[in-house]
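Before any comments, here is the structure.
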Amino acid sequence: MGPILYFRGCRDRRWHLSALVAAEEAAAPPLPTEGEGVAPQRLPPLAGHNGFWRYDFSLPQDEAESDAAYELAGQRWRVRVPAIGGALRLAYTSCNGVEEITFKDPRVRNERWCNLAAEHERRPFHLLIQGGDQLYADSIWTVIPSLAEWRRLSWRRRLRAPFTPAMAKGLADYYDTRYRWLWSQRELRPLLATIPSLMMWDDHDIFDNWGSYEAELQACPVFQGIWSIAREHFAIFQLGARADDLPPGFGDRGGARFDWAFRIGPTGIVAPDLRSERTRRQVMGEAGWRFLNAALEEMGECRHLLFVSTVPVVHAYLSPVEHILRALPGRQNLLGDLRDQWRSFRHREEWLRLLRLLFDFSTRTRAQVTVLSGEIHLGALGRIDHGAVAIHQLTASGVVNVPPPALATVALDLISRRPSAVAPGVTLRMLPFPGLGRRRYLRARNWLSLEVAADGGLDAAWHAEGQPEPFRYAIPALDR
């Protein structure tokens, strides 16, 4: 497996990266770049699984966009490095998996990844943002016998049951096997080796609706044991680091949370962790809010801020449906999906706190703010207005997961037709999707390409399955 390339920031006229490989050799070979060779460091064994090697290196960044390269095991990989202070090209994906459907043909599963690869070949990307649900781990409850047995216990016995060595081994084997398969797929491997990734997790990377269960269940030994092993594997496979030793750019280097922030010339990218501190009553804890405030302070000179929210900030108001489902038995999955949303009635005050923070940042700095999101398995375009300030949201999902049923999409569209006054002077709109007439949602697998100009203007394009041309939308820069 590998190499998998991770972005580590740009400083001192260098484009800093890490490359992760999984190999069982006692010693991995050095990694030659266009300068000197880079020696690997061996990451500590992960729940008994060995063979993780990481190379930390950098490539020169100049006044003009350039190509650079690194070599590993006799293979040469080219990386496109943006100009210092120049335009930045990104690809954004989410929902790289499925809950139940199995694609027998990997070319069908990864059709959108192949499309992304063709676009990367035509105009190479500088970064790949993977915005949640890279791994779907929901099947832990059926394929790990000890967890399946635990689920058959009564409610009270579940809360008291210990997290057993059999559970720990089954989970470690499960996450390790699933991740190695995921990142070794033929259609993904060249992209992961040539476009540096920034990844944030969401619930399915742990298991469905993590954080939105009852407090007693979230705190029980089995849930906490699952969390611990999912956390360790997420850090290695999606961040290229130990969970307790994260690189610069992360809000908590000790891994209590996985939020991160990077500034790349005139563009800032901030991703809060919406799962590590989540409960039914909150999306982020006070530590997460302190990180977000500090990260925005560091972005004051940016012209455009990309705010990565794994669940949509701008979405239809579905709390009435949530109230109805609370009264119906056997609806945990549907209810959990609604509880996960920023617009859930339980999170309203925290959601408004986030909006105030982003509006204040844009007003104070004259930086444009755009939210990138996924999770809903549809493409969508939203906007929130507050006075003269507008925040757009570009939703792209899933790159692999399939859209919801047509009837559900029509119902969501009808709910989203009217603007919504969410606070005094604050109006939320789901805008007609570019190129689809009055329809608000793109019902097709998709991914998003973005180009942020040096002046802060942004050109976005949704690349949808079955469409000969992408759907485009432009967000102008703000005057300073």
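Oh and the sequence shown: position 338 is 781 in the numbering used here, straight run, nothing missing. Virtual Cβ for every residue (Gly too), placed ideally from N, Cα, C.
Enumerate in chain order the residues of its own chain whose CB-to-CB distance from residue 806 is below 6 Å, with the five nearest sequence positions on each side excluded.
Cβ neighbours of residue 806 beyond the five flanking positions: 832.
Let's see if you can read the secondary structure: which residues bound the alpha helix (DSSP H) around residue 503?
Counting along the chain, residue 503 falls outside any alpha helix (DSSP H), though it belongs to the beta strand (DSSP E) covering 495-503.
Relative to the C-alpha of residue 635, which residue among 857, 884, 681, 882 is closest?
Residue 681 is the option with its Cα nearest to residue 635.
Pair within 9 Å by beta-carbon distance, residue 888 and residue 843
In contact: residue 888 and residue 843 (Cβ atoms closer than 9 Å).
Going by the CB atoms, is the gap between residue 644 and residue 726 shorter than 9 Å?
Annotated as distal: residue 726 and residue 644, with beta-carbon spacing of 9 Å or more.
If you draw a straight line from the C-alpha of residue 875 to the C-alpha of residue 882, how long is it?
About 5 Å.
For residue 594, does the three-state DSSP call read helix, strand or coil?
DSSP places residue 594 in helix when its eight states are reduced to three.
Do residue 707 and residue 453 come within 9 Å of each other at the CB atom, strictly closer than that value?
A contact, by the Cβ cut-off of 9 Å.
Below 8 Å on the Cβ atoms is my guess for residue 802 versus residue 450; work out the distance and round it to an integer in Å.
Contact doesn't hold; Cβ gap of about 28 Å is too wide.
Nearest-angstrom beta carbon gap, residue 816 and residue 752 [assumed within contact, 8 Å]
Yes, they are in contact, since the Cβ atoms of residue 752 and residue 816 sit about 5 Å apart, within 8 Å.
Return the chain-ordered list of same chain residues with a C-beta closer than 8 Å to the C-beta of residue 489, the five sequence neighbours on each side being excluded.
Answer for residue 489: 495, 615, 619, 675, 676, 679, listed in chain order.
Report all residues from its chain with a CB closer than 6 Å to the CB of residue 720; omit the five preceding and five following residues, and keep chain order.
The beta carbon of residue 720 sits closer than 6 Å to the beta carbons of 727, 728, 731 from its chain, once the five residues preceding and following it are set aside; these are given in chain order.
Burial state of residue 639, where buried means 16 or more other Cβ atoms lie within 10 Å:
Here residue 639 is buried. Its C-beta has 16 or more other C-beta atoms within 10 Å.
For residue 510, does the three-state DSSP call read helix, strand or coil?
DSSP places residue 510 in the strand class (E or B) of the three-state scheme.
What's the gap between the Cα of residue 689 and the Cα of residue 482?
Straight-line Cα distance between these residues: approximately 19 Å.
Entirely enclosed beta strand (DSSP E) segments - the stretch 610-646, minimum 3 residues
DSSP runs (the beta strand (DSSP E)) wholly in the stretch 610-646: 640-642.
By the three-class DSSP mapping on this structure, what secondary structure does residue 685 have?
Strand, per DSSP.
Beta-carbon within less than 8 Å of residue 560's beta-carbon, same chain only, minus the 5 sequence neighbours each way: which residues are those?
Here the set comprises 630, 633, 634.
If residue 899 sits next to residue 723, beta carbons under 8 Å apart, how far is it from one beta carbon to the other, in whole angstroms?
The Cβ separation is near 38 Å, so there is no contact.
Member of 581, 563, 804 whose CA lies at the smallest distance from the CA of residue 540:
Closest by alpha carbon: 581.
Would you report the Cα separation of residue 896 and residue 811, rounded to the nearest angstrom?
Straight across, the Cα-Cα distance linking residue 896 with residue 811 is about 12 Å.
Does the structure place the stretch 646-658 close enough to the stretch 555-569 that three or more beta carbon pairs sit under 8 Å?
In short, these stretches do not touch, since the Cβ pair count stays below three.
Hey, could you find the ends of the beta strand (DSSP E) residue 871 is sitting in?
869-873 is the span of the beta strand (DSSP E), which, as asked, contains residue 871.
Is the beta carbon of residue 740 sitting closer than 9 Å to the one on residue 709?
Not closer than 9 Å, so no.
Spatial distance of residue 846 from residue 818 (CA atoms)
Residue 846 and residue 818 have their alpha carbons spaced roughly 11 Å apart.
Once DSSP output is grouped into helix, strand and coil, what is the label at residue 761?
DSSP places residue 761 in coil when its eight states are reduced to three.
Hey, residue 767 and residue 626 are a contact pair by Cβ (cut 8 Å); roughly how many whole angstroms apart?
Contact doesn't hold; Cβ gap of about 40 Å is too wide.
If we ignore side chains and look at the alpha-carbon of each, how far apart do residue 916 and residue 904 end up?
Between residue 916 and residue 904, the C-alpha separation is close to 6 Å.
Who are residue 670's beta bridge partners in DSSP?
Here residue 670 is not bridged, per DSSP, to any residue.
Could one say the Cβ of residue 795 lies closer than 9 Å to chain B's Cβ atoms, at least one of them?
Reference to chain B is not applicable here, since this structure consists of a single protein chain.
Cβ-heavy atom distance, residue 625 to the ligand ATP, below 8 Å
Ligands in the displayed structure: none, and consequently the ligand ATP is not present.
Around the C-beta of residue 703, are 16 or more other C-beta atoms found within 10 angstroms, so that it is buried, or is it exposed?
Buried is the call here.
Would you kindly report the start and end of the unbroken beta strand (DSSP E) that includes residue 453?
First-last of the beta strand (DSSP E) with residue 453: 447-454.
Rounded separation between residue 920 and residue 659 - CA only:
Our two residues, residue 920 and residue 659, have alpha carbons roughly 47 Å apart in a direct line.
Once DSSP output is grouped into helix, strand and coil, what is the label at residue 719?
DSSP places residue 719 in coil when its eight states are reduced to three.
Residue range of the beta strand (DSSP E) that includes residue 906:
Counting along the chain, the unbroken beta strand (DSSP E) around residue 906 starts and ends at 901-907.
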